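J.:
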Amino acid sequence: VDAEWIESMNTVLDDNKMLCLVNGERIKIPEHVTFCFEVQDLRVASPATVSRCGMVLIEPYQLEKGWGLLAKRTNRALAAKYPDQWFQDRCTELLGVFVDKTIDFLRRETKEYVPTVDGQLVESLL
């Protein structure tokens, strides 16, 4: 989280939902719009910002292989489109065989210019 960016989001996170831009322009965010941020840490966020947000901390080890829930969701969608159980089982098997190995390879052998998390990579794949 960038310190200046998150502090400028404080007015959006307030009940008035007003985005105040650097040039002085103010944009009212509609009531039906909500924001969800996934951040690695909040080291530079002020207590005011943290108090405006609901926090859910999920450590990767707490999730089934870190990406298992994403795969289950995709399997449910596949079941509606392809009711053949063999196809669903094969997709699950292939994910189990290749996803962890591919992520390990990416982490070990490549340089990321934009840091990613495993779930984000699997979501892009699926």
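Residue 6 is where the sequence shown starts when you use the working numbering, and the numbers rise one by one after that. Glycine included, every Cβ here is placed at the ideal spot set by N, Cα and C. Bear in mind the structure is a predicted one, so any value in this text is a computation, not a measurement.
#1: Which first and last residues belong to the alpha helix (DSSP H) in which Cys25 is found?
#2: Please say whether Gln93 and Leu83 have beta carbons closer to each other than 8 Å?
#3: Who are Lys77's beta bridge partners in DSSP?
#4: Pick out whichever of Glu9, Glu114, Val102 and Ile108 has its Cα sitting closest to the Cα of Val49.
#5: With H, G and I counted as helix, E and B as strand and the rest as coil, what does DSSP make of Arg31?
#6: Can you give me the C-alpha to C-alpha distance between Tyr87 and Asn80, rounded to a whole angstrom?
T.: This is what the structure gives:
#1: Run containing Cys25: none in the alpha helix (DSSP H); it sits in the beta strand (DSSP E), Met23 to Cys25.
#2: Yes, the pair counts as a contact, with Cβ atoms nearer than the cut-off.
#3: For Lys77, DSSP assigns no beta-bridge partner whatsoever.
#4: Val49 has its Cα closest to that of Glu9, out of Glu9, Glu114, Val102 and Ile108.
#5: Strand.
#6: Near 10 Å, if we compare the C-alpha coordinates of Asn80 and Tyr87.
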